[in-house]
Amino acid sequence: MTNNAVPMGQSRTVQTRLVLPPDTNNHNSIFGGRVLAYIDEIAAITAMKHAKGHVVTASIDSVDFLSSAHVGDILEIESIVSSTGRSSMEVYVRVISRNFETGEEKLTTESFVTMVAVDEKGKPKAIPAIIPETDAEKRLFETGPARREHRKQKRALAH
Numbered sequence: 001m002t003n004n005a006v007p008m009g010q011s012r013t014v015q016t017r018l019v020l021p022p023d024t025n026n027h028n029s030i031f032g033g034r035v036l037a038y039i040d041e042i043a044a045i046t047a048m049k050h051a052k053g054h055v056v057t058a059s060i061d062s063v064d065f066l067s068s069a070h071v072g073d074i075l076e077i078e079s080i081v082s083s084t085g086r087s088s089m090e091v092y093v094r095v096i097s098r099n100f101e102t103g104e105e106k107l108t109t110e111s112f113v114t115m116v117a118v119d120e121k122g123k124p125k126a127i128p129a130i131i132p133e134t135d136a137e138k139r140l141f142e143t144g145p146a147r148r149e150h151r152k153q154k155r156a157l158a159h
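Sequence positions in the sequence shown follow our numbering and run 1 to 159.
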């Protein structure tokens with residue numbers, strides 16, 4: 001980790017997507033795999049902004065599908081670097097669906113993704129630490145060490 005810590009908000013990224021028929025299953029709700037692709041993409045962009053360079057996905061640590069989105073809904077996908085290590089970043093991603101006709105808004109998905117900054121040879125490279133500023137950022141930041149420990153325990157059990 002480098003000493004040049006930066007505000008968490010610098011990495012914040014927002015994408016807006018429209019749920020179209022090819023994105024959906026036979027229930028007219030969005031495919032989970034499509035949402036996962038959106039999550040991986042925005043997590044990479046967010047991590048690249050923070051690392052100011054290339055990144056790779058190390059793991060999708062958790063994905064909670066909380067509600068569905070349907071054809072015609074607008075998805076707002078937002079992400080932020082929530083915790084950092086020497087070269088790794090935990091990225092928090094949330095997906096909100098909005099029915100533009102009724103105005104109904106609901107949280108559809110939450111996820112934590114671990115990305116690793118890499119140099120031009122694909123080797124891990126150091127990244128800046130983060131500084132939480134808002135209450136929501138502070139909650140994410142403060143709970144990061146517990147999630148990191150959980151990931152370590154999970155890896156240890158797999159070996």
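We treat Cβ as the ideally placed atom computed from N, Cα and C, and that holds for glycine.
Requested in this report: Compare the C-alpha of Gly122 against each of Ile80, Phe141, Thr57, Leu18 and name the closest.
Outcome: Cα-wise, what sits closest to Gly122 is Thr57.
Requested in this report: Leaving out five residues on either side along the sequence, give the residues of the same chain with a beta carbon under 6 Å from the beta carbon of Ile60.
Outcome: Taken in chain order, the residues that qualify are Val113.
Query raised in the report: For Glu133, which of helix, strand or coil comes out of DSSP?
Result: Glu133: coil per DSSP, three-state reduction.
Requested in this report: Could you check if Pro128 is buried or exposed, using at least 16 other CB atoms within 10 Å of its CB as the buried criterion?
Outcome: By the neighbour-count rule (16 or more Cβ atoms within 10 Å), Pro128 is buried.
Query raised in the report: Three or more beta-carbon pairs under 8 Å between the region 128-143 and the region 59-75, yes or no?
Result: The answer is no - the region 59-75 does not touch the region 128-143, with fewer than three Cβ pairs under 8 Å.
Query raised in the report: For Ala69, which option in Ala126, Val118, Pro21, Met8 has the closest C-alpha, if you only look at C-alpha atoms?
Result: Comparing Cα-Cα distances from Ala69 to each of Ala126, Val118, Pro21, Met8, the minimum goes to Pro21.
Query raised in the report: Between which two residues does the beta strand (DSSP E) carrying His54 extend?
Result: For His54, the enclosing beta strand (DSSP E) covers residues 54-65.
Query raised in the report: If you drop the 5 nearest sequence neighbours on each side, which residues of the same chain put their C-beta closer than 6 Å to that of Glu110?
Result: Shown here for Glu110: same chain residues with a beta carbon closer than 6 Å to its own, the five before and five after excluded, namely Asp64, Arg94 in chain order.
Query raised in the report: Using 8 Å as the Cβ pair cut-off and three pairs as the minimum, do the region 94-105 and the region 48-55 touch?
Result: The way I'd put it, the region 94-105 doesn't touch the region 48-55; fewer than three beta-carbon pairs between them come closer than 8 Å.
**Report entry** Under 8 Å between C-beta atoms of Ser67 and Thr108
**Finding:** For Ser67 and Thr108, yes; Cβs fall inside 8 Å.
Report task. Spatial neighbours of Gly144 within its chain, please: CB distance less than 8 Å, with the 5 preceding and 5 following residues excluded, ordered by chain position. Result -> Ser82, Ser83, Glu90, listed in sequence order.
Query raised in the report: Alpha carbon to alpha carbon, what distance is there between Ile42 and Gly33?
Result: If you take the alpha carbons of Gly33 and Ile42, they lie about 14 Å apart.
Query - Helix, strand or coil at Ser87 according to DSSP, with G and I counted as helix - result: Correct three-state label for Ser87: coil.
Query - Local conformation of Lys123 per DSSP, three classes - result: Correct three-state label for Lys123: coil.
**Report entry** N- and C-terminal bounds of the alpha helix (DSSP H) containing Val19
**Finding:** Element bounds for Val19: n/a, residue is neither H nor E.
Report task. Quick one: give me the first and last residue of the alpha helix (DSSP H) that Val116 is part of. Result -> Per DSSP, Val116 belongs to no alpha helix (DSSP H); it is in the beta strand (DSSP E), 105-118.
Report task. Drop a sphere of 10 angstroms on the beta-carbon of Ala146, count the other beta-carbons inside from all chains shown, and report buried for 16 or more, exposed for fewer. Result -> With fewer than 16 other Cβ atoms from the protein chains shown falling within 10 Å of its own Cβ, Ala146 counts as exposed.
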